[in-house]
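Please read the structure below before turning to the comments.
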Amino acid sequence: MNIPDIDIRNQALNINNSYIIEAPAGSGKTELLIQRFLTLLSKISSPPESVLVFTFTRKSAKEIKKRVFDSLYFSRINLDEPKEKHKRKTWCLAKRVLEKSNQKKWNILSCLSRLNITTIDSFCLKLISKFSLRNYINTDTKISENPDFLYNKAINLLLDDLENPKCKWHKDLLVIFKYFDNRFDILNILFMKLLSKREEWIEIIGIVKKFKFEYLDKNLKFISQNFIFQIYKLIPKNIIQKLEKLMSYSQNYLDIDLPLDLSNHNNIFSWKNFSNWILNKKGEWRKVFNKNQGFPTFTKKTDKYLSKKMKYNIKNVISILKNIYGLKKYLNFLQIIPVQGYSSDEKKFLRALCSCLPILIAYLNIVFSKYKKIDFNEVILSALVILNSEKKLTDIMINIDNKIQHLLVDEFQDISEVQFRLLYSLIQGWNIDDGRTVFFVGDPMQSIYRFRKAEVDLFIQMTKGKFSNISLIYLKLSANFRSQSDIVEWNNRVFQNIFPLSIDNFQGSISFNPSIPMKFGKKGLNIYLSDNDSLLKEKMVKILNLEIKKNPNIHIAILLRSKKYYLNIASILNKNNISFQSIDLESMRDYSIIQDLLLITYSIINLADKLSWVSFLRSPLCGFLLQDIHFLSIFSNSSKTIWEILQEKKIINKLSSDGKIRAKWFFHKMKKHIQNIGRLRIDDLIWKIWIELDGPKFLSSIQEDQVVDMFFDFIKDQKICDYDLDKVRFESNLFSLKIPVISKKTNIEIMTIHKAKGLEFDCVILPECQKIVSKEHKSFLLWHQYRYNLHKSKIIMAPIQKTDIDKKNSLYFFLKYIENKKNYYEIQRLFYVASTRAKYKLIYLGKVKKNNNIFSFPYKESFLYLIWPMIRHNLNDFFLQKKYTTQDSISDIKKIINIKRRKINTCFINNIIQKKKSFVFIENTSYEQEMRILFRLGLNMMIKKYFSFQEIKSIIYYEFHKISYFNKKIFQKIISILKQITYENDKEIKWILKPHPIELTEYKLIEEKNGKIQKWIIDRCFIDKYGRGWIFYYVSAIPQKLQSFNSFKIFQLQYHKKNIYSYEKIISHHFPKVENWNKILYFFSLPKIYKNFRFFKF
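The sequence shown begins at 1 in UniProt numbering and counts up by one.
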């Protein structure tokens, strides 16, 4: 069969020209890049190192180098030409390279290091190790793959300056702090994001400081005018004339300005009015024109005739505009472009931020120097400094092995802005006629790395023909050598419908480039839908067993959109005894055994760490009952640790029968190890405790055994001195460790779609097609770089608004809209990558709701939604009809929620004390404290309105894991309470949550009494519009069994009286004009039957 794009492939091997190649999935782009590389090696007069190949991952660089070596080796041992055309081409080129190698004495086969194939990061690291202009980078410096710890250290150094009024940036810090309502957590999130993406804004900050807000305002105006011009270009000239006449007519009967001259793109107001005039509120073409649009009804004959004629004309014009692709989208987009720039608060905040960010970077450099570690961003930024320094580029290149004559880049669609700048700096001295070339190959339809800062619009801009001084020839491949015909045709049909018809650089949309199949075979596409999870699981298991039975050598991939789906899929396969291999899906964080080892570590390092000790006792290693842990917590305070309490017989005798046994057993086991604190190395001590508590007996797999070994190797390498530990850094480094895959002989691999990119499989299964990935938390600062040509761009940025007033006209809302659009278009491309991995079989599995034979529409951002238009008319053909019992699912759930509790060997314990009278829980227990902390956190976020309810839920889940051993019951109860507050129309709660003239939330107070410092946190306090003061104290307690509500009320009032009066005394100093303060206990945990008794007033 003839290859349809063979001429294009041959043209790409012309080493006199530079190319950018668009190569769809399965088109053999890596093979083409290797052929180009071999062609260059066979013809150049310079050393082989002068041909530089860039990739984005070490794995990719290693693979290309291996394939080049295999090609060279194959041509050496095989004297006869291969029969396959593409293999023959590579064989011939490799043969010529070997001849050149012998002639020039390169010894390529025995010296593979001469093949200059590397990652961009490795190249930069090599560059800065020789030419570093920064004193904190030297030969000892290492790259941290998880630099959050370094960022945290730098942020803490900056925030410490809040307590130093003498430093120059103190006032600016206060402005930033105040803008976010004195929230350290928000500031930390903001600065973490900024540091991780500093290469995007590091140059912008200097420009903004220099030109102030004129620069940003001009950029916004430029973008607005550019979009208006795009709209103007789409409309035919004769229609423009008709529109101007129609608007001129309607203008006489309207109070708004319309753009009577459509060639004038300066007046954004009038153009927004034009968009609203021609589109209805839903953003669709207007069907009815009446007096509201300037087409009133008249009684006079002449006026009536003219009005009728104008209405007829406008409808004719709209019938033409409807057929102009993209026009409606642009007009709708125009409506959200903000007219006004920044508020005074936003200007003040951004000015302060631009002043503080250089200081933050300076602190980060100090941290880099102290810990002798840098991040990947610093590697490439340092390389840019070198390449753009006063030294000549050629001088630098001479010192990097050899002069670079030819540059090839694989997967060019994954390039980021800073990597693009690096490539530009690298070739800025090149000219068209000096024989040096570039070769970029990639597929914009496979651009799925926005989280790594990849910008697909850079690829699109490059196709326009110029990169620095180099002219680029744009070529497109079309042949698909991977998938059989029905899969290729399905993908062509589906993605032609999914992808936009035109490219939009601003919003990151890519048009579809169809492929031509080179393979033919039987039907390989299957879609299975059901409203029952268990039925879909059963179907997947049947498919796996059937495919392996038919072909024992088959290579199957189960591709996941997110790692969070892995445990569910893995449990299904394990339950059915199906062997599989998981690729980079497991983290040290996911192993409960590692959590137990961390609890031992933290408890031993700090005997006063109450939360760690409580969690340690609750863990499967010890298995204490929750009620016993609560009781021990009551007696644990600043003067006594949990370990000391476990030695007091009076307290132990009040535990449950089970608790008494466990307490004696635990003390017997731990006593000698506690005595060895400070005598033994920390890793030895933890190991001995682990063995003493029979930790190895809890291991259930070879993988867990390997993970435990990794933990002890890691803690040994940490060299913890004086039992001092930075938890943030420790966990950051621990959880960044990659768990080696235990090699298995299996047909099945489970991996994420991102991991599968570049790979191919005989059969691909996509489960959970109905699901969406949860969105990130709100960004507190957004910025966008609008590239209107390859080397020119405009930056706009905006902080999150403090209020919801007129948010749809805000710059932040506009930037958020663009971000959401870019993410949605990337979801389309992610689905394309998943669907193009299969050679012979492609299987989708998805859950749909079906009620009375009517199917519910899937979530918009799900894969199922993307193919819905193609399958919606014959959904019953894909629907699995078999009924299924849910008993198996219930048993699975039970397995998950039952906590393992070890059985204690009690032979060494005598005189077991019988069970005595139970006790009543009060507010000081760990349970109640956790309830208060999490409720206060959730309610505070609701007050500030920074987060959606789903985001609040996610944050509480994360914070709970930080403060304690996770308790699902507490978590669900808190979420239930907050949900009730959110969605119920309760006037009292709404009044408490609404903004007040003066208000304090989670307000920290410090009081000095008798030479001692006391710290207080006021849950909520405000002064209403009438000048009345209100203090709220959140209480999580509820009446116990057999306890009357009246006795509960009396006890709680007495118990909290001292605290709330102390709050009043301290807060009165801050607001002396308020004569009386209303003091309220808010019992947020009370059941609905006590709804009217939630608030107790003193």
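Glycine residues also receive a C-beta, built at the ideal position from the N, C-alpha and C atoms. In this text, all values refer to a predicted model and were calculated from it rather than measured experimentally.
- Within the same chain, Cβ atoms closer than 8 Å to the Cβ of residue 989 are found at 981, the five residues on either side in sequence being excluded.
- Two segments are said to touch when three or more pairs of C-beta atoms, one from each, lie closer than 8 Å; by this definition the stretch 825-842 touches the stretch 522-533.
- In the structure shown, residue 39 adopts helical secondary structure according to DSSP, grouped into three states.
- Rounded to whole angstroms, the Cβ separation of residue 1032 and residue 1000 is 10 Å, and the two are not in contact under 8 Å.
- Around the Cβ of residue 991, a 10 Å sphere holds fewer than 16 other Cβ atoms; the residue is exposed.
- Shown here, residue 1001 sits in a strand according to DSSP, grouped into three states.
- Burial state of residue 763 is buried, judged by a 10 Å Cβ sphere holding 16 or more other Cβ atoms.
- Here the C-alpha atom of residue 682 lies approximately 23 Å from the C-alpha atom of residue 640.
- Judged by their CB atoms, residue 830 and residue 750 are not nearer to each other than the 7 Å cut-off.
- For the stretch 423-474, the continuous beta strand (DSSP E) assignments of 3+ residues that do not extend past its boundaries occur at 437-442, in sequence order.
- Residue 65 is not a Cβ neighbour of residue 120, given a cutoff of 7 Å.
- For residue 749, DSSP records a beta bridge to 557 and 581.
- Contact between residue 432 and residue 468 is ruled out by a C-beta separation of about 10 Å, above the 8 Å threshold.
- Taken through DSSP and simplified to helix, strand or coil, residue 476 comes out as strand.
- For residue 376, the three-state secondary structure derived from DSSP is helix.
- Each residue's CA atom was taken as its position, placing residue 385 and residue 337 some 36 Å apart.
- The C-alpha of residue 701 is placed about 54 Å away from the C-alpha of residue 1096.
- Beyond the five residues adjoining it in sequence on each side, residue 75 comes within less than 7 Å, by CB distance, of 91, 94, 95 and 98 in the same chain, given in chain order.
- For residue 22, the enclosing beta strand (DSSP E) stretches over residues 18-22.
- Out of 543, 785, 866 and 601, the CA that lies nearest to the CA of residue 500 is found in 866.
- Sixteen is the threshold: since fewer than 16 other Cβ atoms of the shown chains lie within 10 Å of the Cβ of residue 362, the residue is exposed.
- A distance below 6 Å between beta-carbons, with the five flanking residues on each side excluded, links residue 519 to the following residues of its chain, in chain order: 484.
- Distances from the CA of residue 1081 to each of 1061, 1071, 245 and 1072 were compared; the closest alpha carbon is that of 1061.
- With contacts defined by Cβ atoms closer than 7 Å, residue 629 and residue 617 form a contacting pair.
- In the three-state reduction of the DSSP assignment, residue 26 falls in the coil class.
- Taking a cut-off of 8 Å on C-beta distances, the stretch 166-173 touches the stretch 350-366, as three or more cross pairs fall below it.
- Per the DSSP secondary-structure output, residue 838 pairs in a beta bridge with 761.
- Looking at the backbone, the Cα of residue 235 and that of residue 550 are separated by about 58 Å.
- Of the candidates 311, 299 and 860, the residue whose Cα lies closest to the Cα of residue 292 is 311.
- Minimum Cα-Cα distance from residue 674 among the listed residues 736, 600 and 747 corresponds to 600.
- The Cβ atoms of residue 941 and residue 1036 do not sit closer than 7 Å to each other.
- Annotation: residue 872 is outside any alpha helix (DSSP H) and is labelled neither H nor E by DSSP.
- Taking the C-beta atoms as reference points, residue 760 is found nearer than 7 Å to residue 482.
- With a contact defined as Cβ atoms closer than 8 Å, residue 154 and residue 379 miss out at about 17 Å.
- Assigned with DSSP and collapsed to three states, residue 530 falls in strand.
- Going by DSSP, residue 797 is part of the beta strand (DSSP E) stretching over 792-799.
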